[in-house]
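Here the structure comes first, spelled out in structure tokens, and everything after it is commentary.
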Amino acid sequence: RPCAGDPRAAGMLSLVVLAGDIRDDATCLHWLGLADDIICADGGARHLQRMMRLPHLLVDDLDSVGSAALAWIRQQNVPVERHPVRKDETDAELAIAAAIRRKPTATREQGIIVLGALGSRPDHVMATQMLVASLARPDRAFLLTDGISRVYTLVGGQTLTLMAPEWPRLEWTVSLVPLSEQLEGLTYTGLDYPLTGARLERGSTRGVSNRFTQTGRATVRLSQGLALVF
5 RPCAGDPRAA GMLSLVVLAG DIRDDATCLH WLGLADDIIC ADGGARHLQR MMRLPHLLVD
65 DLDSVGSAAL AWIRQQNVPV ERHPVRKDET DAELAIAAAI RRKPTATREQ GIIVLGALGS
125 RPDHVMATQM LVASLARPDR AFLLTDGISR VYTLVGGQTL TLMAPEWPRL EWTVSLVPLS
185 EQLEGLTYTG LDYPLTGARL ERGSTRGVSN RFTQTGRATV RLSQGLALVF
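Note that my numbering has the sequence shown beginning at 5, numbered continuously upward.
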């Protein structure tokens, strides 16, 4: 199924807000305005309070939400799913699990944007990337972002459509990292270094540092396997 650069194309759009970096509020506000379901993980409430957008659910142990943001959440009667501080899962895992659980059974496809998914904690960043990769399906696509940099899941059978942001196109790099042992049928259009039906193995750097052509529109198609597209 298609998996467009605007995750709304996946049907239902769920949005999870974490406590990591947010570098562009305007882009995040655009996505928040499109979301059908907004779930906040603990300290992500501070981002939402700054942008004045209420979540539909606050998830986690409330150890980093901050007193002002927590008071704001409670004043607005936002439901809270409370978890113990000592737990096996990260905030991100609990919030993403809630997003998947809350999807209506009649909805065939789901796009999940995770805001605040990037930042200065490389362990959290990598763990969240591996988490969404494990949860990606032909009918479930993820986008991790700080509002500027974007990381998409791509599984076999999907075509990812990318549009160069309005900033100067030459500043934008497109990279693909294989996560499965082998990728089959990898095809690019609209990038300076095209591929047609290529095979890439895990650990290959062949997909790193591509760029948009002058059209500013690219597609990445995969027949079999699992990858992240940056």
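From the three backbone atoms N, C-alpha and C, an ideal C-beta is built for every residue, glycine too.
Practice problem: Take residue 116 as the anchor and find which of 100, 89, 26 has the nearest alpha-carbon. | Solution: 100
Exercise. Could you pull the start and end residues of the beta strand (DSSP E) that residue 18 belongs to?
Key: 16 to 21
Quiz item: Does the distance from the C-beta atom of residue 55 to that of residue 33 stay below 7 Å?
Solution: yes
Quiz item: Can you name, in chain order, every residue of its own chain whose Cβ lies under 6 Å from the Cβ of residue 83, other than the five neighbours on each side?
Solution: 61
Quiz item: Three-state secondary structure (DSSP) at residue 116?
Solution: strand
Quiz item: Is it the case that the Cβ atoms of residue 25 and residue 95 are separated by a distance below 7 Å?
Solution: no
Quiz item: What number of angstroms, rounded off, separates the C-alpha of residue 189 from the C-alpha of residue 86?
Solution: 44 Å
Practice problem: With a floor of 3 residues, list each beta strand (DSSP E) that falls wholly inside the segment 117 to 158, ordered by position along the chain. | Solution: 144 to 149
Quiz prompt | residue 49 versus residue 77 - alpha carbon distance | solution = 8 Å
Quiz prompt | For residue 53 and residue 112, the rounded distance between their alpha carbons | solution = 32 Å
Exercise. Would you mind sorting residue 73 into buried or exposed? The rule is 16 or more other CB atoms within 10 Å of its CB.
Key: buried
Quiz item: Is it buried or exposed for residue 109, if we count other Cβ within 10 angstroms and need 16 for buried?
Solution: exposed
Quiz item: If you compare alpha carbons, which of 232, 223, 105 is closest to residue 163?
Solution: 223
Practice problem: Could you tell me how far apart the beta carbons of residue 41 and residue 103 are, in whole angstroms, since I believe they sit closer than 8 Å? | Solution: 7 Å
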